[in-house]
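First residue of the first sequence: 98, per the numbering used here; consecutive thereafter.
Yeah, the Cβ is synthetic: ideal placement off N, Cα and C, and Gly gets one too.
None of the values given here were measured: they were computed from a predicted structure.
This report refers to the structure that appears directly beneath it.
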Amino acid sequence: MGPLYSVICIMPELPEVETVMRGLQAVLQGRQLRRAQVHRPDLRWPFPVGLASELTGATVSGFRRRAKYILMRLDTGLSVVFHLGMSGRMLIRPTGANDRPAHEHMTLDTVDDITVGFVDPRRFGSVDLIDTQREDTHRLLAGLGIEPLDDAFDASCLANALASKRTPIKAALLDQGIVAGLGNIYVCEALFRSAIAPTRLSSTLSPPEIRRLVSEIKATLIEAIAVGGSSLRDYVQPDGELGYFQHAWKVYGREGERCAGCPGEPGCAGIARIVQSGRSTFYCPHAQR
DNA sequence: CAAGAATCCTGTCAGC
DNA sequence: TGCTGACAGGATTCTT
């Protein structure tokens, strides 16, 4: 039984994090941890003091996702706060079946011999502890904006948030304090599906455009979660990888390709790439206005 | 105060 | 073939 997998190198955004959380839930919920280990002092930040000892012997009671964070609740009243960063993944395998994979910085063994490893080559991820009752006051969670899949995220909510912004809509949607969980890929995709140019000033979007944008953000995320959920079935095995799944992006990474939104139209020169706030933006200048 | 740039990190890939 | 450099970007920190 060897690992594993081919890694698709995209970064985890809300749907990927949701998928990883569901995978962890399936494997860990209700199980007691026999041992927890960390294999280096830090990822993005130092591991919290006592992390391994706090986890050892605890039973995993539940999970929650907030933005791109995974909260793993323990029966001791503590929650583990995971962020996958750019390259974080969770590897599941039978305890003792394999050597520790490269870049596995934290390892959890359950009493029934399941091992979950947190792998993060670029080490942009993080792990922290907080009282479950105070999860939302954690410094990384306190400033987060609304969950885009929450019913409260609607056109008036987004309009309100955008009214005072003087940035391009692309930058506003990437701002985790406005809408929490979107990253570069899903912002590009949602703007394309909304036919809104990423360069538009946030405050200039019309009410119909904002309604469309809210709707497309939700649809884009829901579809991606569905893809992740179906890929998860393949991972419900004694060993497997949680973290990434394939998805057919309409614009992301498709510079120079034909635009799916205006096939054959003479005015369409295909997908363009520009840089906004130091990040690549992919869009169709013909279809997105 | 807000917006943008710099920063952290390493696997991947284009180019020589 | 093997090396070098550019590139990817989430979220904080720094600078303008």
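#### Entry: When E110, A155, N195, G174 are compared against G182, the one with the closest alpha-carbon
Within the first sequence, numbered from 1, the residue matching residue 182 stands at position 85. Nearest option by C-alpha distance: E110.
### Task
Mark Q230 as exposed unless 16 or more other C-beta atoms lie within 10 angstroms of its C-beta, in which case mark it buried.
In the first sequence, counting from the first residue as 1, residue 230 sits at position 133. The residue is exposed, with fewer than 16 neighbouring Cβ atoms inside 10 Å.
### Task
Can you say whether R386 is buried or exposed, counting buried as having 16 or more other CB atoms within 10 angstroms of its CB?
The count along the first sequence starts at 1 and reaches residue 386 at position 289. Exposed, since its Cβ has fewer than 16 Cβ neighbours within 10 Å.
### Message
Using only the alpha-carbon positions, how far apart do G127 and L152 sit?
### Response
Taking the first sequence and counting its residues from 1, one reaches residue 127 at position 30. Taking the first sequence and counting its residues from 1, one reaches residue 152 at position 55. About 14 Å.
### Query
Should D209 be labelled buried (16 or more other beta-carbon atoms within 10 Å of its own) or exposed?
Position 112 of the first sequence, counting from 1, holds the residue named residue 209. D209 comes out exposed.
#### Entry: First and last residue of the uninterrupted alpha helix (DSSP H) at P112
Taking the first sequence and counting its residues from 1, one reaches residue 112 at position 15. Segment 111-125, the alpha helix (DSSP H) holding P112.
### Distance between A277 and A287 (C-alpha atoms, nearest Å)
Here residue 287 is taken as the residue at index 190 of the first sequence, counted from 1. Here residue 277 is taken as the residue at index 180 of the first sequence, counted from 1. Rounded to the nearest angstrom, the two C-alpha atoms are 14 Å apart.
### Query
Between the stretch 213-222 and the stretch 246-264, are three or more C-beta pairs nearer than 8 Å?
no
#### Entry: Distance between G174 and R186 (C-alpha atoms, nearest Å)
As a working mapping, residue 186 is identified with position 89 in the first sequence. As a working mapping, residue 174 is identified with position 77 in the first sequence. The C-alpha of G174 is placed about 25 Å away from the C-alpha of R186.
### Message
Using the three-state DSSP reduction, which class does V311 fall into: helix, strand or coil?
### Response
In the first sequence, residue 311 corresponds to position 214, counting from 1. Assigned with DSSP and collapsed to three states, V311 falls in helix.
### Message
Considering only their Cβ atoms, is the gap separating G274 from G222 smaller than 7 Å?
### Response
Residue mapping note: residue 222 aligns to position 125 of the first sequence, counting from 1. Residue mapping note: residue 274 aligns to position 177 of the first sequence, counting from 1. In this structure, G222 lies away from G274, with their beta-carbon atoms at least 7 Å apart.
### Task
Can you give me the Cβ contacts of L259 inside the same chain, cut-off strictly under 8 Å, excluding the 5 residues immediately before and after it?
For this step, residue 259 is matched to residue 162 along the first sequence. If we look at L259 and ignore the five residues flanking it on each side, its Cβ neighbours are I266, A269, I275, S299, S300, L302, I307.
### Message
DSSP three-state label for P387, please.
### Response
The requested residue 387 does not occur in the structure, where the chain is confined to residues 98 to 386.
### Message
Less than 7 Å between the C-beta atoms of L140 and R220, yes or no?
### Response
In the first sequence, counting from the first residue as 1, residue 140 sits at position 43. In the first sequence, counting from the first residue as 1, residue 220 sits at position 123. Taking 7 Å as the Cβ cut-off, L140 and R220 qualify as a contacting pair.
### Query
Out of M118, I227, S374, G358, which has the shortest C-alpha to C-alpha gap to R290?
Here the question's residue 290 lines up with position 193 in the first sequence. Of the candidates M118, I227, S374, G358, the one whose C-alpha sits nearest the C-alpha of R290 is G358.
### Query
Quick one, which of T207, I243, G361 has its alpha-carbon nearest V311's?
Stepping through the first sequence from its first residue, residue 311 is reached at position 214. The residue with the shortest Cα to Cα distance from V311 is I243.
### Beta-carbon proximity check, L188 vs P198, cutoff 7 Å
Translated into the one-based positions of the first sequence, residue 188 becomes position 91. Translated into the one-based positions of the first sequence, residue 198 becomes position 101. Yes, these two residues count as a Cβ contact at 7 Å.
### Message
In the DSSP assignment, the beta strand (DSSP E) including L226 goes from what residue to what residue?
### Response
In the first sequence, the residue the question calls residue 226 occupies position 129. 223-228 is the span of the beta strand (DSSP E), which, as asked, contains L226.
### N- and C-terminal bounds of the alpha helix (DSSP H) containing F201
On the first sequence, position 104 is the one that residue 201 refers to. This sequence places Glu at residue 201; Phe is not what is there. Segment 201-207 is the beta strand (DSSP E) holding E201; no alpha helix (DSSP H) there.
### Residue range of the unbroken alpha helix (DSSP H) whose run includes R290
By one-based count along the first sequence, residue 290 stands at place 193. First-last of the alpha helix (DSSP H) with R290: 281-291.
### Message
So for V104, helix, strand or coil by DSSP?
### Response
For the purposes of this step, residue 104 is taken as residue 7 along the first sequence, with counting starting at 1. Note on V104: pLDDT 31, under 50, position unreliable in the model; no value is reported.
### Message
Could you compute how far the alpha carbon of I371 sits from the alpha carbon of F379?
### Response
Numbered from its first residue, the first sequence carries residue 371 at position 274. Numbered from its first residue, the first sequence carries residue 379 at position 282. In a straight line, the C-alpha of I371 is about 7 Å away from that of F379.
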